[in-house]
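What follows is a set of notes on a single structure, which appears directly below.
There are 2 protein chains.
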Amino acid sequence: MSPLEVVRRQRRKEARPAELAAAALSLFIEKGFAATRLDEVAARAGVSKGTLYLYFDSKDALFKAVIEEGVVPLFEEFEAKLETLQDDPERLLREILQGWWDKVGSTDLGGICKLMISEAGNFPEVARYHHDAVIVRWMALLGRAYAIGVERGVFRDMDVETVRQLVFFPLLMQAVWKNSMSCCDETRSLPDSYFPTYFEMIFRGLRAAPVQESRP
Amino acid sequence: MSPLEVVRRQRRKEARPAELAAAALSLFIEKGFAATRLDEVAARAGVSKGTLYLYFDSKDALFKAVIEEGVVPLFEEFEAKLETLQDDPERLLREILQGWWDKVGSTDLGGICKLMISEAGNFPEVARYHHDAVIVRWMALLGRAYAIGVERGVFRDMDVETVRQLVFFPLLMQAVWKNSMSCCDETRSLPDSYFPTYFEMIFRGLRAAPVQESRP
DNA sequence: ACTAAATTACTGACCAGTCAGTTATTAGTG
DNA sequence: CACTAATAACTGACTGGTCAGTAATTTAGT
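Top to bottom, those sequences are chains A and B.
The end of the first sequence is residue 297 by our numbering, with every number in the run present.
The end of the second sequence is residue 297 by our numbering, with every number in the run present.
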């Protein structure tokens with residue numbers, strides 16, 4: 082019909098792995114790992130299933146690649162903030178959390194969180210890798226930001242593990258929710274007041290000094 | 082080998098459905114829905130696969146039954162607290178949250194939370210049912226408890242949706258985590274200080290009046 | 001003996017993974 | 001430059017195993 086046919090076969094060795102991983106990520110997020118067929122992944126990447134197997138040994142290997150390439154490269158940015166914002170612990174913590182939401186939670190990468198939670202039981206080795214390479218590192222970062230605040234007398238001294246869970250879980254759960262329950266809460270977008278209220282609650286709970294509403 | 086053989090075939094029409102649902106629940110939690118084979122479910126219930134089909138029409142129907150029977154019957158108890166504890170909003174909210182953890186989050190039922198999050202995308206109708214019958218009802222309960230506190234001047238007046246998420250998500254995420262990442266964090270039990278710190282953080286954020294540490 | 005509960009053996013769809021064959025690209029030759 | 005041989009990327013039909021669901025058969029209980 083169309084005068085110019087879509088090019089059938091292209092040789093683009095360099096681009097394939099990334100395109101396949103991206104296709105796999107979006108499908109894993111949409112349908113889960115088990116329900117995603119490799120024919121679909123290949124089709125979405127504009128390629129045949131055989132080609133997929135030129136670049137990935139197995140479905141499991143594809144899953145692992147999606148996790149690795151998707152999340153790990155983000156840490157430099159977050160960890161850099163630890164150095165530059167030591168003087169204002171509250172702002173440091175705020176920027177780290179907001180940064181996570183902007184770069185991960187609110188993007189496709191948020192889907193990886195839901196994916197790992199769903200599939201961790203079936204892929205212990207991938208889960209372990211993700212745990213060591215991502216979760217531990219992230220929680221250490223949060224804990225460090227909190228500890229700086231405690232050292233400077235800005236935050237109260239409480240159990241670190243508890244604090245970082247209380248601080249982070251509302252954001253994490255938000256990301257997970259968005260990627261699983263969106264069919265029910267029809268695209269319930271966050272209320273505008275979410276982040277202001279979130280930070281106010283958090284910092285009220287953390288601050289050492291009594292709350293001051295007004296400026297001197 | 083053993084002198085007394087296990088009874089092979091028993092006719093126990095009454096008990097089968099509950100036993101099968103319980104077996105299915107535990108397996109769904111362990112392995113997820115897709116990875117659970119009906120032969121396993123039947124075996125764990127001490128029965129053959131054919132028997133399973135005498136009581137459930139399909140794997141999907143079994144899934145729905147597990148969700149329905151597992152969670153819904155719990156609400157009477159929680160909602161009763163709303164009546165009896167109106168005079169002390171802080172204690173009311175505390176008891177509701179602690180009650181959820183004791184009866185749901187820390188038990189097998191916590192696994193249902195993880196299961197629904199994992200499978201909601203593949204079972205829109207079950208997800209919708211669960212959303213309407215459980216989530217909405219539960220969130221309304223939390224919102225009501227908070228509103229009572231606001232009416233009495235005990236809590237500050239903030240966005241309800243945000244508040245109940247901030248309050249509940251740390252517990253929910255804890256339950257979800259326990260049922261998916263337990264293979265990595267080898268049975269990381271909650272630190273003793275979790276609940277005291279949790280409630281102190283929460284209520285510091287909610288209270289209208291400045292914090293008072295000591296009694297008169 | 002009769003019937004309802006339970007089992008066993010079977011079927012067919014589905015899909016991860018394979019491989020023999022096809023086409024694009026590059027290198028070699030005159 | 002043109003033409004051919006060699007190689008590397010890509011394709012899609014096929015296979016073998018798995019598992020939801022079914023039908024034929026056996027057994028427990030009355």
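No residue lacks a Cβ here, since even glycine has one placed at the ideal position from N, Cα and C.
Predicted, not measured: the structure shown is a model, and the values here were computed from it.
Cutoff 8 Å: residue i Cβ touching any chain A Cβ
i, result
"Ala116(B)", "yes"
"Ala289(B)", "no"
"Gly202(B)", "yes"
"Gly186(B)", "no"
"Ile177(B)", "no"
"Ser199(B)", "yes"
"Val257(B)", "yes"
Short CB-CB distance (under 8 Å) between residue i and chain B
i, result
"Gln91(A)", "no"
"Ile193(A)", "no"
"Arg209(A)", "yes"
"Pro297(A)", "Caution applies to Pro297(A), whose pLDDT of 38 falls short of 50 and renders its modelled position unreliable; the value that the coordinates give is listed next. False, the Cβ-Cβ gap to chain B never drops below 8 Å."
"Gln293(A)", "Here the model assigns Gln293(A) a pLDDT of 48, short of 50, so the residue's position is not dependable, and the following value carries that caveat. With 8 Å as the cut-off, Gln293(A) does not count as an interface residue toward chain B."
"Glu86(A)", "Only weak support exists for where Glu86(A) lies, its pLDDT of 44 falling under 50; the value from the coordinates is given anyway. Chain B contact via Cβ: absent."
"Pro205(A)", "yes"
"Ser261(A)", "yes"
Between the CA atoms of residue j and residue i - distance to the nearest angstrom
i, j, result
"Ser270(A)", "Asp240(B)", "14 Å"
"Ala214(A)", "Ala221(A)", "11 Å"
"Ile110(A)", "Gly192(B)", "20 Å"
"Met282(A)", "Ile283(B)", "8 Å"
"Phe144(B)", "Gln255(A)", "25 Å"
"Ala124(B)", "Asp183(A)", "47 Å"
"Ile177(A)", "Ala161(A)", "10 Å"
"Val231(B)", "Val152(B)", "29 Å"
"Leu173(B)", "Ser199(B)", "31 Å"
"Asp168(B)", "Glu158(B)", "18 Å"
"Phe114(A)", "Gly202(B)", "12 Å"
"Glu171(B)", "Leu223(A)", "29 Å"
"Ser83(A)", "Gly186(A)", "With a pLDDT of 34 at Ser83(A), under the threshold of 50, the modelled position of that residue is not reliable, and the figure given next carries that caveat. Answer to the nearest angstrom: the Cα atoms are 41 Å apart."
"Leu101(B)", "Ser274(A)", "46 Å"
"Ser107(B)", "Arg97(B)", "15 Å"
"Asp238(A)", "Phe276(B)", "16 Å"
"Val207(B)", "Phe156(B)", "19 Å"
"Ser263(B)", "Gln246(A)", "16 Å"
"Phe137(B)", "Ile148(A)", "37 Å"
"Pro297(B)", "Arg233(A)", "Legend: pLDDT at Pro297(B) = 39, less than 50; position of this residue unreliable, value from coordinates given subsequently. If I take the Cα positions, the gap works out to 30 Å."
"Arg225(A)", "Arg118(A)", "42 Å"
"Ala228(B)", "Tyr210(B)", "26 Å"
"Asp141(B)", "Asp189(B)", "20 Å"
"Ser261(B)", "Leu163(B)", "32 Å"
"Gln91(A)", "Cys194(B)", "45 Å"
"Val248(A)", "Lys112(B)", "30 Å"
Helix, strand or coil at residue i [DSSP, three-state]
i, result
"Phe137(B)", "coil"
"Arg288(B)", "strand"
"Phe204(A)", "coil"
"Cys194(B)", "helix"
"Thr278(B)", "helix"
"Gln179(B)", "helix"
"Ala115(B)", "coil"
"Arg209(A)", "helix"
"Lys145(A)", "helix"
"Ser199(A)", "helix"
"Asp168(B)", "coil"
"Gln91(B)", "coil"
Residue i - containing alpha helix (DSSP H), residue span
i, result
"Ala161(A)", "156-165"
"Ala226(B)", "217-232"
"Ser107(A)", "97-112"
"Gly186(A)", "Premise fails: Gly186(A) is in no alpha helix (DSSP H) and is neither H nor E."
"Val244(A)", "241-259"
"Leu271(A)", "Note, Leu271(A): premise wrong, no alpha helix (DSSP H); not H, not E."
"Asp238(A)", "Run containing Asp238(A): none; DSSP gives neither H nor E here."
"Val128(B)", "Neither: Val128(B) is in no alpha helix (DSSP H) and is coded neither H nor E."
Relative to chain B, which residues along the region 222-242 of chain A have a C-beta separation below 7 Å, given in chain order? Met239, Asp240, Glu242
Scan the region 242-255 of chain B for residues whose Cβ lies nearer than 8 Å to a Cβ of chain A and list them as they occur along the chain. If the cut-off is 8 Å between Cβ atoms, the region 242-255 of chain B has Glu242, Thr243, Val244, Gln246, Leu247, Phe250, Pro251, Leu253, Met254, Gln255 near chain A.
Please name the residues in the region 271-286 of chain A whose beta-carbon is closer than 8 Å to at least one beta-carbon of chain B, in chain order. Residues passing the 8 Å Cβ filter: Pro272, Ser274, Tyr275, Thr278, Tyr279, Glu281, Met282, Ile283, Arg285, Gly286.
Which residues, in order along the region 106-137 of chain B, keep a beta-carbon less than 9 Å from a beta-carbon of chain A? Ile110, Glu111, Lys112, Gly113, Phe114, Ala115, Ala116
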